[in-house]
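Heads up, the sequence shown is in the numbering used here, so the first residue is 397 and it goes up one at a time.
Idealized CB from N, CA, C, for every residue including glycine.
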Amino acid sequence: MKTAAHSTLAMTCPRCRQGDMFPTGSFSFKEPFTMNDHCPVCNQNLAPEPGFYFGAMFLSYILTGWFCLAFVALFHWVIGWNIVSSFALLLGVTGILFVWFFRISRSIWIHLNVKFDSTHS
Ligand SMILES: [Zn+2]
Numbered sequence: 397m398k399t400a401a402h403s404t405l406a407m408t409c410p411r412c413r414q415g416d417m418f419p420t421g422s423f424s425f426k427e428p429f430t431m432n433d434h435c436p437v438c439n440q441n442l443a444p445e446p447g448f449y450f451g452a453m454f455l456s457y458i459l460t461g462w463f464c465l466a467f468v469a470l471f472h473w474v475i476g477w478n479i480v481s482s483f484a485l486l487l488g489v490t491g492i493l494f495v496w497f498f499r500i501s502r503s504i505w506i507h508l509n510v511k512f513d514s515t516h517s
């Protein structure tokens with residue numbers, strides 16, 4: 397059985413921690429913003445109410461913001477790249493991680509709001 401942290405990172409259903417929240421892989425770039433309406437294993441509603449993921453938008457903003465600051469700080473001050481190169485690499489990396497940030501924010505959000513239920517595992 398997965399822990400809450402593992403389930404969040406694996407983007408599985410918060411209730412049974414088995415069914416996938418998303419039908420495709422984060423790095424497959426196929427249908428990046430398509431999400432399962434219900435858990436394929438326990439049928440948990442993955443969009444409990446309209447605007448449920450509004451809060452995930454703020455999480456995404458905070459995560460992305462800190463990631464960008466830490467990334468440029470690392471490459472500029474620790475590794476010693478100039479600021480233009482650091483930002484150029486950041487653009488490439490965030491381009492690749494964009495879908496993952498969107499999904500992990502939703503995963504964290506639903507894991508905060510839906511309780512684990514061991515009867516479904
Ligand atoms: Zn489930």
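Per DSSP, the beta-bridge partners of T408 are D416.
DSSP places N439 outside both helix and strand once states are collapsed to three, so it counts as coil.
Around the C-beta of L442, 16 or more other C-beta atoms lie within 10 Å, and the residue is accordingly described as buried. The secondary-structure analysis by DSSP pairs H434 across a beta bridge with N441. The region 465 to 515 contains no complete beta strand (DSSP E) run of 3 or more residues. The distance from the Cβ of I479 to that of T404 is about 34 Å, inconsistent with a contact at the 8 Å cut-off.
Around the CB of P410, 16 or more other CB atoms lie within 10 Å, so the residue is classed as buried.
For T460, the three-state secondary structure derived from DSSP is helix. Residue environment for G488: exposed (fewer than 16 other C-beta atoms within 10 angstroms of its C-beta).
Selection around ligand 1 by beta-carbon proximity, strictly under 5 Å to any non-hydrogen atom, yields C409, R411, C412, G415, C435, V437, C438, Q440 in chain order.
The residues A452, L455, S456, in chain order, have a CB closer than 6 Å to that of S501 in the same chain once the five nearest residues on each side in sequence are set aside.
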